[in-house]
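In mature numbering (1 follows the signal peptide of the UniProt record, and there is no 0), the protein residues as written are -26 to -1, 1 to 480.
Just so it is clear, CB atoms sit at the ideal spot from N, CA and C, and this is done for glycine as well.
Just so you know, these numbers come straight off a predicted model, no measurement behind them.
To keep things clear, I will list the structure first and then write my remarks on it.
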């Protein structure tokens, strides 16, 4: 016993002496300890949200943490008058689907397998539910496709079972229900579709640029997995049509008509209604290796930098003239620095990220809309619905730079979320950032993205020797050679390794 204690004492003395004479080692140990501590804080956040959802809301879609009840938000989204709601509907377990990849990243294979088994036996999409195509695609289809890949990846050491193919069967069933939305003269999909009956009579023909230009990752992956080209073809046709509608400045508007192919709203930016269109052009190039996607993205990115950027900020502009229209920051824009990291524009990413974080620090969280020209909150859009975009960009910038300042940013975000949004029944959205008044809603993306990116910021072990891109809803998809028609030279020469997207494709 005394020998063991003596060895322990000697080792302790050695560590102490090394840290005294090697300050950098001491600093490294301090940061490693901080990251472990913060990782555990995020783990507790995730399970506080997840366990409350499973206790009070499952199998409905999302948790109402203040009243400890539920909302079937997948069908209620956009239905302000609660029209077209299904009868005897218990939801689609939206938050559970959104949590699947997070459970794997947190290392909880047991709960992941239990969730997959329940979904394979109980989830059905043959319901009279009118859903938003874009939201259902990124949340449900993306969640199922990603979880199927994770479940069938032998490297994850999950228990192999036939039920895991049920995730792909569910995804295929859902994808088939999407296809009628694309049956338009333009190939641009309707924004809303009924899962049971297709496009309803007198359905609105208005949609957003994001709504019809951010489908290629999930539907393309579904085609690669099933061998059925219809899903990718439909999404690709819509994307190409959308790109053909750009102005001579390579700018696109925000809303359009799917029947006529005419623009409704000409003002555009990098925020709501357009954001994920840019994101998916770049990520589709990484995932599928097509030069077509890179050419689109490059032209669009140059146009954004030319017409929207003003110092570290990005205002909105008329797609036809490039003249500024609205000088405002929106919380959804905070994804942009993360996308710039993928491009390799680190300096610009860092500059914008610091401005977003400045606004976060000023209010405690990031308000939905901030008027840059008046340096004040938007009078009505003062809420914060637990959005993940700032955490996402923080994760990407830390991966690219390893600057410990981003760890401090992550710590600040975690502390703010626990201070202002944590309640007994989960995590509540903020209705007004000036009063920190709560709103009774815990969005599924809090578990799919906010907690996931914060966890990966402090512990990226899930990504070691693996090549993933994350969808706009935070669901990982592997970059694999079989999905590439060819590997362009321009793709090979870029250094993706700094952002966890390696050029060594398995």
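Residue of the options minimising C-alpha distance to residue i
i: residue 415; options: 7, 24 and 45; result: 45
i: residue 328; options: 360, 102, 285 and 22; result: 285
i: residue 499; options: 106, 338 and 296; result: Outside the displayed range of the chain (-26 to 480) lies residue 499, so it cannot be described from this structure.
i: residue 388; options: 8, 267 and 175; result: 8
i: residue 333; options: 386, 10 and 292; result: 386
i: residue 71; options: 420, 40, 437 and 438; result: 420
i: residue 305; options: 321, 356 and 277; result: 356
i: residue 43; options: 79, 407 and 31; result: 31
i: residue 360; options: 228, 276, 402 and 202; result: 402
i: residue 181; options: 109, 397 and 84; result: 109
i: residue 201; options: 277, 149, 188 and 86; result: 149
i: residue 10; options: 428, 439, 438 and 451; result: 428
i: residue 267; options: 219, 214 and 373; result: 214
i: residue 438; options: 373, 83 and 331; result: 373
i: residue 331; options: 127, 176, 92 and 390; result: 390
Distance between beta carbons of residue j and residue i, contact taken as under 8 angstroms
i: residue 418; j: residue 77; result: Incorrect: roughly 13 angstroms between the Cβ atoms, too far for contact.
i: residue 231; j: residue 179; result: 5 angstroms
i: residue 258; j: residue 153; result: No, residue 258 and residue 153 are not in contact; Cβ-Cβ is about 19 angstroms, not under 8 angstroms.
i: residue 183; j: residue 251; result: 5 angstroms
i: residue 449; j: residue 116; result: 4 angstroms
i: residue 226; j: residue 186; result: So it is not a contact: roughly 11 angstroms between Cβ atoms.
i: residue 112; j: residue 446; result: 5 angstroms
i: residue 224; j: residue 291; result: The pair is not a contact, with the Cβ atoms about 12 angstroms apart (cut-off 8 angstroms).
i: residue 351; j: residue 408; result: 7 angstroms
i: residue 399; j: residue 39; result: 4 angstroms
Alpha-carbon spacing of residue i relative to residue j, whole angstroms
i: residue 413; j: residue 269; result: 42 angstroms
i: residue 253; j: residue 17; result: 28 angstroms
i: residue 193; j: residue 114; result: 12 angstroms
i: residue 392; j: residue 294; result: 44 angstroms
i: residue 129; j: residue 19; result: 27 angstroms
i: residue 102; j: residue 169; result: 6 angstroms
i: residue 337; j: residue 159; result: 46 angstroms
i: residue 342; j: residue 348; result: 15 angstroms
i: residue 81; j: residue 15; result: 15 angstroms
i: residue 375; j: residue 324; result: 10 angstroms
i: residue 221; j: residue 24; result: 44 angstroms
i: residue 204; j: residue 255; result: 19 angstroms
i: residue 123; j: residue 264; result: 22 angstroms
i: residue 173; j: residue 165; result: 10 angstroms
i: residue 106; j: residue 280; result: 32 angstroms
i: residue 235; j: residue 308; result: 29 angstroms
i: residue 335; j: residue 406; result: 15 angstroms
i: residue 436; j: residue 79; result: 6 angstroms
i: residue 144; j: residue 3; result: 46 angstroms
i: residue 118; j: residue 210; result: 20 angstroms
i: residue 151; j: residue 171; result: 9 angstroms
i: residue 61; j: residue 276; result: 49 angstroms
i: residue 233; j: residue 94; result: 37 angstroms
i: residue 86; j: residue -1; result: 38 angstroms
i: residue 498; j: residue 321; result: This structure cannot speak to residue 498, because the chain is shown only from -26 to 480.
i: residue 278; j: residue 218; result: 17 angstroms
i: residue 249; j: residue 12; result: 29 angstroms
i: residue 189; j: residue 206; result: 9 angstroms
i: residue 353; j: residue 175; result: 37 angstroms
i: residue 22; j: residue 237; result: 44 angstroms
i: residue 451; j: residue 98; result: 24 angstroms
i: residue 127; j: residue 344; result: 43 angstroms
Contacting residues, own chain, Cβ-Cβ under 8 angstroms from residue i (five flanking each side not counted)
i: residue 475; result: A caution first: residue 475 carries a pLDDT of 41, below 50, which makes its placement in the model too unreliable to give a value.
Own chain partners of residue i with C-beta closer than 6 angstroms, once the 5 adjacent residues on each side are dropped
i: residue 156; result: 163 and 208
i: residue 27; result: 37 and 69
i: residue 33; result: 64, 65 and 67
i: residue 48; result: 35, 66, 68 and 105
i: residue 5; result: 378
Beta-carbon contacts of residue i that lie in its chain and below 7 angstroms, excluding the five residues immediately before and after
i: residue 262; result: 194, 457 and 458
i: residue 394; result: 338, 339, 404 and 410
i: residue 371; result: 311, 315, 323, 324, 327 and 380
i: residue 346; result: 287, 289, 301, 302 and 303
i: residue 247; result: 182, 183, 184, 228 and 229
i: residue 313; result: 252, 253 and 256
i: residue 177; result: 164 and 166
i: residue 41; result: 414
i: residue 397; result: 39, 40 and 412
is_contact[residue i, chain D] using C-beta, thresh 8 angstroms
i: residue 14; result: Chain labels in this structure do not include chain D; a single protein chain is all it has.
Evaluate contact between the segment 371 to 383 and the segment 419 to 439, counting only Cβ atoms and requiring at least three cross-stretch pairs below 8 angstroms. yes
Quick one: any contact between the segment 197 to 207 and the segment 235 to 242, if contact means 3 or more CB pairs under 8 angstroms? no
At a cut of 8 angstroms, does the segment 350 to 368 reach the segment 422 to 429 through at least three beta carbon pairs? yes
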